[in-house]
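In our numbering, the protein residues as written are 1176 to 1481.
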């Protein structure tokens, strides 16, 4: 069975706290793992969360502030120590290549893994596979920052009631899917379009076109909400979002499950982020992220009978 879930490794903004590690997020997407923004302490958080080095296929860094990237050194050395057998691809803003290189070779170690660097230079598609399209959009932060989105290609899903009405079962179902027609019955007669799932990861940014482009129609949006709404001036000055801003983006973009994270240490009550998000009109599923939690992507709607 395919697994699509977010494993939260850390949720703190700028500095860790007693209960929140620096950022770190692993997205399990079927057989692949995407490690986003590994901050300091990510390797230890992986151990606590049951995430292995072998689970990582891509590393996606939004920008080179320490709370989003200082864990790269440990993670990269760990995948080499564990001799991960597959290629790992790293995406990051091209303007920060020198930071990536410094972290990659921060100390001596034996390289055993193919780590391919594919820096981001502009909005657009970074990878296309049968399971997803990975694309990116520029954000608005004091340093160059990009958000990431995975989009599953659209497909079709069979509707059992329609198959039964046409007497199609067993191997004939596969034959119809392959050939498009069977004994006068077309694929359109017994199936419907299945919209591919979408996941977006948006970290440090003010409101900008990139935020909305990434969030549009997402099944799950993981987005920073560093500040509460009463500190919106601080948020804007430092290139961040408030809980209310993040929730309004999600509401306007039609997001199904909103995951708020990247919280300033100035706030002691995580529940206030949820209250402000609801006050902003977001009515979908909502998670205020905590370290080591797992959040499954929303299930698709069941096929409709005729």
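For glycine and all other residues, C-beta sits at the position ideal for the given N, C-alpha and C.
Straight through space, the alpha carbons of residue 1335 and residue 1212 are spaced by roughly 42 Å. Counting only the Cα atoms, residue 1449 lies some 8 Å from residue 1435.
Here the segment 1458-1469 does not lie against the segment 1384-1391, with fewer than 3 beta-carbon pairs under 8 Å apart. Counting C-beta atoms within 10 angstroms of its own C-beta, residue 1268 has 16 or more neighbours from the protein chains shown and is therefore classed as buried. The alpha-carbon of residue 1247 is positioned some 51 Å away from that of residue 1337. The beta-carbon separation of residue 1289 and residue 1265, rounded to 11 Å, does not stay under the 8 Å limit for a contact. In the DSSP assignment, residue 1297 falls outside any beta strand (DSSP E), carrying neither H nor E.
Closest by C-alpha distance to residue 1242, out of 1204, 1467 and 1440, is 1440. Rounded to the nearest whole angstrom, the C-alpha separation of residue 1375 and residue 1396 is 5 Å. When the beta-carbon positions are compared, residue 1301 and residue 1311 come within less than 7 Å of each other. The beta carbon of residue 1471 is closer than 6 Å to those of 1180 in its chain, skipping five residues each way along the sequence. A check of alpha carbon separations from residue 1296 across 1394, 1467, 1263 and 1270 identifies 1270 as the nearest.
Linking residue 1200 to residue 1333 through their CA atoms gives a straight-line distance of about 34 Å.
Contact between residue 1442 and residue 1403 is confirmed by a C-beta separation of about 6 Å, below the 8 Å threshold.
When DSSP states are grouped into helix, strand and coil, residue 1224 belongs to the helix group. In the three-state scheme derived from DSSP, where H, G and I count as helix and E and B as strand, residue 1368 is classed as strand. The beta-carbon distance between residue 1465 and residue 1422, rounded to whole angstroms, is 18 Å. This is too long to meet the 8 Å contact definition. Residue 1379 carries a coil assignment under DSSP once its states are collapsed to helix, strand and coil. With respect to residue 1253, residue 1218 sits close: the two C-beta atoms are nearer than 7 Å. Boundaries cannot be given for residue 1320, as no beta strand (DSSP E) includes it and DSSP labels it neither H nor E.
Closest option to residue 1257, judged by alpha-carbon separation, among 1227, 1283, 1234 and 1240: 1227. Collapsing the DSSP output to three states places residue 1462 in a strand. Counting along the chain, the unbroken alpha helix (DSSP H) around residue 1447 starts and ends at 1446-1454. Rounded to the nearest whole angstrom, the CA to CA distance from residue 1232 to residue 1351 is 34 Å. In the assembly as shown, residue 1323 is a buried residue. Its beta-carbon has 16 or more other beta-carbons within 10 Å.
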